[in-house]
Amino acid sequence: MLELIAQYQVEIAQFQSVKADEIEQFRIKYLGTKGLLKTLFEDFKNVPNDQKKEVGQKLNELKNEATEKVKTLQEALESQKSEQGLFGDLTRPGYPIEIGSRHPISIVKNKIVEIFNRIGYVVSEGPEIEDDWHNFTALNLPEYHPARDMQDTFFIEKSTDVAKDMLLRTHTSSVQVRYMDTHRPPIRTISPGRVYRNEDISARSHCLFHQVEGLYIDQNVSFADLKQTLIYFTTEMFGKSKIRMRPSYFPFTEPSAEVDIYWGLETETDYRITKGTGWLEIMGCGMVDPNVLKNANIDPEIFSGFAFGMGIERIAMLLYQIPDIRMFYENDVNFLKQFKSVI
Ligand code: PHE
Numbered sequence: 015m016l017e018l019i020a021q022y023q024v025e026i027a028q029f030q031s032v033k034a035d036e037i038e039q040f041r042i043k044y045l046g047t048k049g050l051l052k053t054l055f056e057d058f059k060n061v062p063n064d065q066k067k068e069v070g071q072k073l074n075e076l077k078n079e080a081t082e083k084v085k086t087l088q089e090a091l092e093s094q095k096s097e098q099g100l101f102g103d104l105t106r107p108g109y110p111i112e113i114g115s116r117h118p119i120s121i122v123k124n125k126i127v128e129i130f131n132r133i134g135y136v137v138s139e140g141p142e143i144e145d146d147w148h149n150f151t152a153l154n155l156p157e158y159h160p161a162r163d164m165q166d167t168f169f170i171e172k173s174t175d176v177a178k179d180m181l182l183r184t185h186t187s188s189v190q191v192r193y194m195d196t197h198r199p200p201i202r203t204i205s206p207g208r209v210y211r212n213e214d215i216s217a218r219s220h221c222l223f224h225q226v227e228g229l230y231i232d233q234n235v236s237f238a239d240l241k242q243t244l245i246y247f248t249t250e251m252f253g254k255s256k257i258r259m260r261p262s263y264f265p266f267t268e269p270s271a272e273v274d275i276y277w278g279l280e281t282e283t284d285y286r287i288t289k290g291t292g293w294l295e296i297m298g299c300g301m302v303d304p305n306v307l308k309n310a311n312i313d314p315e316i317f318s319g320f321a322f323g324m325g326i327e328r329i330a331m332l333l334y335q336i337p338d339i340r341m342f343y344e345n346d347v348n349f350l351k352q353f354k355s356v357i
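Heads up: the sequence shown is residues 15 to 357, going by the working numbering.
As structure tokens, this is what we get:
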């Protein structure tokens, strides 16, 4: 028996493991209810009386060693676990790299730009901080023109002399004025960009938003060309070609119109967003006012043109059924993540 005890002692001393199930098996093997020690203790009654003292001591030693071993191994395991919590399992494969997504405003802007690129329009951009001339005066809105009230403006510098006023542009028509300064007809340009208006923030309107405005100037450009261009656009953009033009007023175009697209009345949402009419207003447009051409030193006797402008947010809200314009500017990742699959 003493030999057996000595053999077990060696085995126990040599045993090493950092795996929970191996340690548990080891415990069961030696200390379990049917374990090796149990058998030894049962055999103890057969030990001759004169050896009982020595064997008994050795047996107790063995039991202590086994218990101690299990305890140290379990402690080591525990501390390894908490380290893992700290560093993670360094052998694990890396997390999948999350692919970012484009902002819905960019997606819609890119789509509009691409549609007009295809028929020869080039992108033009200009400053968001604008002077009075490019935002108002050159566009046929002289100082006391009542239409200046149509666009409540953020002025950066307001003086008694309007020519010195600086402001945040209220539309990207200002970019087209700049484009006409540096280009001669034929002109085909679209100007996407951010614009600012001093409006109350609500689900429908914001003090900043984005526009795409278009300008086409050449000889013999007619209202029919404008309408055809818009039909091309709505077909490409929405897959819908039925539009109507309602007379409207803009100081820089004459005649002017507002464009409605026939959205349909197929679903409940169609009813809601079109207020039961099936029609949706999507942009303003018109034939460039001769005064605007004159201001740009383009002879209105020779050249004519059309212009149009639309709000990108409005179109994105339509396409993606976004109920509140403020969602575009909150940068809530859960909102933005939804546009992942769109390029
Ligand atoms: N600039 C106008 C606006 O901001 C839109 C527009 C552009 C209308 C060009 C007609 C022609 O509302």
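Positions of the beta carbon are idealized from the N, C-alpha and C atoms, including for glycine. This one's a predicted model, so the numbers in the text were calculated from it and none came from an experiment.
Counterpart residues of residue i in DSSP-defined beta bridges
{"i": "Phe342", "result": "Bridge partners of Phe342: none, in fact."}
{"i": "Asp420", "result": "Residue 420 lies beyond the range of the chain shown here (15 to 357); nothing can be said about it."}
{"i": "Ile143", "result": "Leu182"}
{"i": "Pro261", "result": "Ala271"}
{"i": "Trp293", "result": "Tyr276"}
Residue i versus residue j: straight-line alpha-carbon distance, rounded
{"i": "Val209", "j": "Met180", "result": "14 Å"}
{"i": "Lys123", "j": "Glu280", "result": "27 Å"}
{"i": "Ala271", "j": "Ile296", "result": "11 Å"}
{"i": "Asn212", "j": "Phe168", "result": "6 Å"}
{"i": "Leu182", "j": "Asp146", "result": "10 Å"}
{"i": "Val191", "j": "Arg202", "result": "13 Å"}
{"i": "Ile170", "j": "Ile287", "result": "36 Å"}
{"i": "Gly298", "j": "Asp103", "result": "59 Å"}
{"i": "Glu227", "j": "Tyr109", "result": "43 Å"}
{"i": "Ala152", "j": "Lys354", "result": "41 Å"}
{"i": "Ile42", "j": "Ala27", "result": "16 Å"}
{"i": "Ala90", "j": "Leu51", "result": "24 Å"}
{"i": "Gly114", "j": "Ile37", "result": "46 Å"}
{"i": "Lys172", "j": "Arg340", "result": "29 Å"}
{"i": "Lys351", "j": "Ile126", "result": "22 Å"}
{"i": "Ala161", "j": "Phe264", "result": "8 Å"}
{"i": "Lys77", "j": "Ile19", "result": "10 Å"}
{"i": "Glu68", "j": "Phe55", "result": "13 Å"}
{"i": "Asn345", "j": "Asn311", "result": "44 Å"}
{"i": "Arg116", "j": "Leu333", "result": "15 Å"}
{"i": "Tyr276", "j": "Pro156", "result": "36 Å"}
{"i": "Asn188", "j": "Gly140", "result": "Checking the displayed sequence, the identity of residue 188 turns out to be Ser instead of Asn. Taking the straight line joining both Cα atoms gives about 8 Å."}
{"i": "Lys66", "j": "Phe58", "result": "8 Å"}
{"i": "Phe40", "j": "Thr105", "result": "27 Å"}
{"i": "Thr186", "j": "Asn348", "result": "31 Å"}
{"i": "Phe266", "j": "Glu250", "result": "27 Å"}
{"i": "Gly46", "j": "Ala34", "result": "16 Å"}
{"i": "Met367", "j": "Gly207", "result": "For the chain, the structure presents residues 15 to 357; residue 367 sits outside this window and is missing."}
{"i": "Asp338", "j": "His220", "result": "10 Å"}
Residue i CB to nearest heavy atom of the ligand PHE below 7 Å
{"i": "Cys221", "result": "no"}
{"i": "Ala310", "result": "no"}
{"i": "His224", "result": "no"}
{"i": "His185", "result": "yes"}
{"i": "Gly323", "result": "yes"}
{"i": "Glu227", "result": "yes"}
{"i": "Gly207", "result": "no"}
{"i": "Phe237", "result": "no"}
{"i": "His300", "result": "Strictly speaking, residue 300 in this sequence is Gly, with His absent from that position. Yes; taking the cut-off as 7 Å, the Cβ of Gly300 has a heavy atom of the ligand PHE nearer than that."}
{"i": "Phe264", "result": "yes"}
{"i": "Thr267", "result": "yes"}
{"i": "Ser138", "result": "no"}
{"i": "Ser358", "result": "Given a span of 15 to 357 for the chain in the structure shown, any question on residue 358 remains unanswerable."}
Open item on the list: With a threshold of 8 Å, are at least 3 pairs of Cβ atoms found where one atom belongs to the stretch 312 to 332 and the other to the stretch 230 to 242?
Closed with: yes
TODO: Assess, as a yes-or-no matter, whether the stretch 299 to 312 is touched by the stretch 236 to 245 under the definition of 3 or more beta carbon pairs within less than 8 Å.
DONE: Touching, yes, given that three or more Cβ pairs across the two stretches are closer than 8 Å.
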